[in-house]
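Comments concern the structure below.
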Amino acid sequence: MEDARISFHPALAIERTHPRFASPDADFVIRSSDGTLFRVHKANLGAHSAIFKDMFILGSGNASPDEEPIQLSESAAVLELLLPMFYPAEDCRSPVEFATSTESDILACYEATGKYQMWLGSLALRSFVKPVLKTNPFALINLAHRNNDAILVKKAVKATLEFDILSDLPKHRESTGMLWPDLLEYHLSYQRDVVRAVLHIAKEYNCNCDNCQYAKNHIRSTCLSAMSEDGPSAFPESRICAALKEAERSSAQSCNYGRECIQRSLDLCTNFKPRKAFSEN
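Just so we're aligned: the sequence shown equals residues 4 to 284 in our numbering.
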C-alpha cells in the first residue's frame with residue numbers, strides 16, 4: 004500500500020477552494036494533487052483516521068488555516084469522495100454520488116481509506132467497489148489485500164474464475180500484485196476439480212446409444228486434453244461449458260439419460276463450489 008505521505012509544498016500559482024469544504028471555522032487545510040484546497044476540521048479527521056490522529060498528537064500539520072496547506076497525493080475528484088466520510092452526520096443530508104464517479108476514482112478512494120487507516124471507510128466503500136468485480140477483479144484483489152479486507156479478496160478471487168487468467172498474463176499479474184502466485188495456484192486447482200467432477204458424472208451414465216456415447220466422448224476428450232496441459236489457461240471454464248453445449252446439441256435425439264448427464268454437468272459448471280478455499284499466503 005502506498006505510504007500516507009503528507010507533506011508541505013509551496014503554494015501553486017492558481018488554487019481554488021472546494022465549495023463543499025470551505026467552512027470559515029476550519030482549522031486545517033488540505034491541498035489535492037491537482038491544486039484544490041479543502042478546508043476541514045482536525046477533530047473530524049482525527050476521529051476517523053489513525054494516521055491523522057497520530058499526526059495531530061505529534062504536533063505535525065498546519066496550526067491554522069492561514070499556514071501552508073498540507074499536500075496529499077490524491078486528486079480533487081478522489082478527495083471529494085473521501086473527505087465526506089469524516090463528516091458522517093452532514094453526509095446524510097448531502098450524500099456523495101458514487102454512481103456517477105469513475106471506476107478509477109472509486110478504487111483510488113478505497114485505496115486511500117486503507118492508506119489513512121480509515122477502517123470504517125473501507126467497510127463503507129465495499130459495496131461501491133463491487134461493480135469492479137465484473138470488470139477488473141484482479142486490481143480489486145490487490146487493493147482489498149492491502150486494505151486487509153479478506154471478505155472482498157475472496158469475492159474478487161471468485162470473480163476471476165470468469166476470466167481466462169493467462170490471456171493477458173503481464174496485465175493480470177501486475178494488477179493482482181503479490182497474491183498472483185496464490186491466485187494462479189487456485190485457478191489450476193479449481194479447474195482440475197471441475198474436470199474431475201464432470202468426468203465423474205459421465206461415468207454414472209451407462210447408456211450405449213450412439214448419440215449418448217458421442218456426447219460423453221466429446222466431453223471426455225475435452226476434459227482429458229485439458230488435464231494434460233500445463234496451466235489453467237489451457238482450460239478456461241468457458242471451454243467446459245462450450246463442450247457441454249456442443250454435446251447437448253449432438254444428443255438432441257439421445258435418450259433421457261444422455262440429456263440428464265449433460266444437464267447435470269452444465270449445472271455443475273455453473274454452480275461449482277471448489278473443495279479448497281482461496282488462501283492468502
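Where is the CB? At the ideal position from N, CA and C, for every residue including glycine.
The region 154-161 and the region 130-144 touch, with three or more beta-carbon pairs separated by less than 8 Å. Counting along the chain, residue 33 sits inside the beta strand (DSSP E) bounded by residues 31-34.
If you look at residue 160, you'll find it isn't in any beta strand (DSSP E); it sits in the alpha helix (DSSP H) that goes 153-163. With a cut-off of 8 Å on Cβ pairs, the region 174-192 is in contact with the region 140-158, counting three or more such pairs.
Comparing alpha-carbon positions, the option among 92, 39, 114 and 109 lying closest to residue 79 turns out to be 39. When 106, 174 and 126 are compared, the shortest CA-CA separation from residue 153 is found for 126. Rounded to whole angstroms, residue 190 and residue 59 show a C-alpha spacing of 46 Å.
In terms of CA proximity to residue 24, 44 leads the group 187, 44 and 18.
Partner residues in a beta bridge of residue 135, as assigned by DSSP, do not exist.
Approximately 13 Å separates the beta-carbon atoms of residue 117 and residue 88; this is outside 8 Å, ruling out the contact. From the listed residues 92, 121, 164 and 163, the smallest Cα separation to residue 149 is found for 121.
In terms of Cβ geometry, residue 84 and residue 33 do not form a close pair [threshold 8 Å]. In the DSSP secondary-structure assignment, residue 41 is bridged to 33. Taking 8 Å as the cut-off, the beta carbon of residue 77 is found no closer than this to the beta carbon of residue 104. In this structure, residue 55 lies away from residue 62, with their beta-carbon atoms at least 8 Å apart. In the DSSP assignment, residue 116 falls within the alpha helix (DSSP H) that extends over 106-118.
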